[in-house]
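Residue numbers (numbering that gives the first Met the number 0), protein chains in the order written: chain A, 0 to 406; chain B, 0 to 406. Just so you know, even glycine gets a beta-carbon here, dropped at the ideal spot from N, CA and C. Read through the structure below, which is laid out as structure tokens, and then see the notes.
2 protein chains.
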Amino acid sequence: MSDHLSAQPDTLLPLETALERLLAWAVSSPIRECETLSLADADGRVLAEPLIAELDLPPWANSAMDGYALCQAEVRGEPLRVSQRIFAGQAPGPLQPGSCARIFTGAPLPAGADSVEMQENVELLADGRVRFSQPIRLGQHVRAQGQETRRGETVLLAGTRLGPVELGLAASLGVAQLSVIRRPRVAVLSTGDELIEPGLPLGPGQIYNSNRRLLCSWLQRLGCAVLDAGILPDDLALTRAKLGELSEVDLILSTGGVSVGEADFLGQALREEGQLELWKLAIKPGKPLTCGQFRGVPVIGLPGNPASTLVTFALLARPYLLKRLGVSELTPLHFPVPAGFAWSKPGKRREYLRARLEQGRAVLYSNQSSAVLRSAAWAQGLVEVREGTTLAEGDLVNFISLSELLG
Amino acid sequence: MSDHLSAQPDTLLPLETALERLLAWAVSSPIRECETLSLADADGRVLAEPLIAELDLPPWANSAMDGYALCQAEVRGEPLRVSQRIFAGQAPGPLQPGSCARIFTGAPLPAGADSVEMQENVELLADGRVRFSQPIRLGQHVRAQGQETRRGETVLLAGTRLGPVELGLAASLGVAQLSVIRRPRVAVLSTGDELIEPGLPLGPGQIYNSNRRLLCSWLQRLGCAVLDAGILPDDLALTRAKLGELSEVDLILSTGGVSVGEADFLGQALREEGQLELWKLAIKPGKPLTCGQFRGVPVIGLPGNPASTLVTFALLARPYLLKRLGVSELTPLHFPVPAGFAWSKPGKRREYLRARLEQGRAVLYSNQSSAVLRSAAWAQGLVEVREGTTLAEGDLVNFISLSELLG
């Protein structure tokens, strides 16, 4: 009988509620320590302070075209002589009155010039003068100083995740180093006596541990310092000791061990020396989720089936971690696409199906079992089928690209 | 006059044609050398050989539920005694005839059992026997051996880019190391006398080099070994010498220096000791593109305006590089979304506009100048407006998420 008692009441927690709670929890334990890194080392990190422009961009008015710089008011049908040639990188003297300057893309406009005519529209005379036959609009083909960015403007907010574009933008402002949040330290633990590491021979009843590799690589992409903490021992004292060793990390992430059949030493340790909540999520795959802390260290326990691990990490643990770093953009882009399948049986839980786009329609991997990671390797994204709904082919479903989630 | 002569004929090359040519060029110089890496080191790399399953997944039939394993033919209304308890990780003995086995999720089915009834559907009797009152379907709640994957099946194709999911999948098959294509060596060169490195004081007429940071970080994300080759000197002999130093790389990627106004020593060096093609692409931003080789080393010259660099790298240089590694999935996912803007003037070139999704509509950054990298940092993706078309608000446009392109 005792086997059945540990089953929890069957109240399902909506994904939104679970996420709200996790984010509120994240806000209560922000990671704020910073370090200063060169741009080359800052890819994937989170900006600790806003990036404020200390110069105008462009820093001076320049030509958007290969052509001729001139003072628009001086163009009255008479050809102008060319008084100077200005290449990018040069610092030109002032424009001589009644003349124009040969100018190339990106080169600074000389003082006294206010417009550029492109070379295709002018006539070069034999005496070297230039005839402007088309009407010239004041300021045409000129990139004004500060047109992109003005000194003092906030260009990137604190909490921005830095990628090649943001780093390039910082470089364009002359910034060589950025203050970023330190890497969060995350310990990855597996539970399950049946797990064995790849490379070792498989004994009877054993399976290879795939979640550890999935999570360790994923966490590294999120900028985490990952501590591979191995397999949680099947013993309360050893579990306590193992958790105690992890007092310096920001998060303990475990997988598996939430099935009724497994002796729940992790849960017991958390109950005794911390806090434990067991949620039954209204999503599929990924029903059981553990949240809590051990001696003050946050613990998230993901379900152990690989597709469940993937979905719960993507939708819950990932935003939780990013939130602790101060990241504000947490919702992955998603797109309505026509379903290339029918869904006739409304579910109690929201389904996250592994899918690809074929001719603009979301098609499903044949085996959507939570035990099957191959579905996710085949897939380009997750298709969301909301609880209590049925779908006909062609109905719109939400598609979240895996590339949005995996970085 | 000579200034104008170097202008090229105004034939625009469609993006598809340019990409086709680049991919054909890539196929002619594949990078095939491999190295064997542990899974922990293989994230972002390209699989050199197909991954073939050397075991069934699951390796043995197991229970998908917490419940009772039994032989379906033996259930005839009479309660069954429980002859053993099987946890995940155990190797059970055969099922005694006329009995059932207590079994937990993931645990191996004992020989002689063919079905599982979940615990919620049984009645435990006072004498310890179990009554099965619901009809039992043969094989129910059993994950059959090889249900996910059969030994000998190809699980990942050569040319697959490895990420957390693929690495987890390899781990699930017991594979600890993978053969991957070696990192491509890419030299990044900038041209432009006006460029100065971030961190240094800005002199008159100078601007900070942002493309180098953009490209170096991006190339690293693509698994490249990046050689930062600095600024290309404004002198033919020095250009030759610099290019000559790069004989060991797989690709020289340069930015800038294709404007008519700049002395084109790169082009001259390529013409004399290699090959040079200058394309005018029918895209905006990103018109001018240089392709060629110097003493056999492929060279791609991207335009120097940051948004042009970004778009041409994303749409042309990125797939070219991945193709040389044997990657087959080169087309980024794209989604039709309603335009949150109108486009009244049909263009000659296809536009790639920096955009965000707001309430499901693509909205544009206010300044779409090719000189403006800030637009891309603000953006979530590129919106494609095809040449020769106009758009009303709500018309569908192609949206390519930047996360698809940047990894």
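Proximity of residue 163 of chain A and residue 405 of chain B at Cβ, strictly below 8 Å: yes
Cβ of residue 206 of chain B within 8 Å of any chain A Cβ: yes
Inter-residue spacing [alpha-carbon to alpha-carbon] between residue 91 of chain A and residue 109 of chain A: 5 Å
C-alpha distance - residue 185 of chain A paired with residue 226 of chain A, whole-angstrom precision: 6 Å
Inter-residue Cα distance where the pair is residue 100 of chain B and residue 218 of chain B: 56 Å
Between the CA atoms of residue 80 of chain A and residue 0 of chain B - distance to the nearest angstrom: Here residue 0 of chain B scores only 32 on pLDDT, less than 50, and its place in the model should not be relied on; the value that follows carries that caveat. About 14 Å.
Extent of the continuous beta strand (DSSP E) run through residue 184 of chain B: 184-189
Proximity test, Cβ basis, 8 Å: residue 403 of chain A and chain B: yes
DSSP beta-bridge partners of residue 253 of chain B: B:188 and B:300
Contacts around residue 158 of chain A, its chain only, beta-carbon distance under 6 Å, and the 5 residues preceding and following it disregarded: 325, 326 and 327
Cβ contact (3+ pairs, closer than 8 Å) linking the segment 68-88 of chain A and the segment 120-130 of chain A: yes
Cβ-based burial, residue 395 of chain B [other Cβ within 10 Å; buried from 16]: exposed
3 or more residues per run - each beta strand (DSSP E) lying fully within the segment 301-379 of chain A: 334-337, 349-357 and 360-363
Three-state secondary structure (DSSP) of residue 290 of chain B: strand
Of the listed residues A:380, A:349, A:255 and A:18, nearest to residue 356 of chain A (C-alpha basis): A:380
In DSSP terms, what residue 227 of chain A is bridged to: A:187
Endpoints, alpha helix (DSSP H) assigned at residue 246 of chain A: Counting along the chain, residue 246 of chain A falls outside any alpha helix (DSSP H), and DSSP gives it neither H nor E.
First through last residue of the alpha helix (DSSP H) which encompasses residue 215 of chain B: 210-220
Within 8 Å, strictly: CB atoms of residue 271 of chain B and residue 179 of chain B: no
Any beta strand (DSSP E) of 3 or more consecutive residues that is wholly inside the segment 47-113 of chain A: 66-69, 80-85 and 98-102
Contact between the segment 245-259 of chain B and the segment 204-218 of chain B (3+ Cβ pairs under 8 Å): yes
Residue range of the alpha helix (DSSP H) that includes residue 402 of chain B: 401-404
Close Cβ partners of residue 353 of chain B (< 6 Å) along its chain, the five nearest in sequence each way excluded: 364, 374, 375 and 378
Unbroken beta strand (DSSP E) run spanning residue 37 of chain B, endpoints: 33-37
Any C-beta of chain B under 8 Å from that of residue 217 of chain A: yes
Closer than 8 Å to chain B by CB, residue 164 of chain A: yes
Closest Cα partner of residue 291 of chain B within the set B:280, B:305 and B:276: B:276
Beta-carbon spacing of residue 66 of chain A, residue 102 of chain A below 8 Å: yes
Residue 178 of chain B, enclosing alpha helix (DSSP H) - first and last residue: Per DSSP, residue 178 of chain B belongs to no alpha helix (DSSP H); it is in the beta strand (DSSP E), 176-180.
Spatial distance of residue 387 of chain B from residue 47 of chain B (CA atoms): 42 Å
Neighbour flag for residue 47 of chain B against chain A, beta carbons, 8 Å: no
Closest residue to residue 362 of chain B among B:214, B:397, B:245 and B:194 (Cα-Cα distance): B:397
Simplified DSSP assignment, three categories, for residue 136 of chain B: coil
Endpoints, beta strand (DSSP E) assigned at residue 130 of chain B: 129-131
Within 7 Å of chain B by C-beta, residues of the segment 66-89 of chain A in sequence order: 86, 87, 88 and 89
8 Å Cβ cutoff, residue 334 of chain B in contact with chain A: yes
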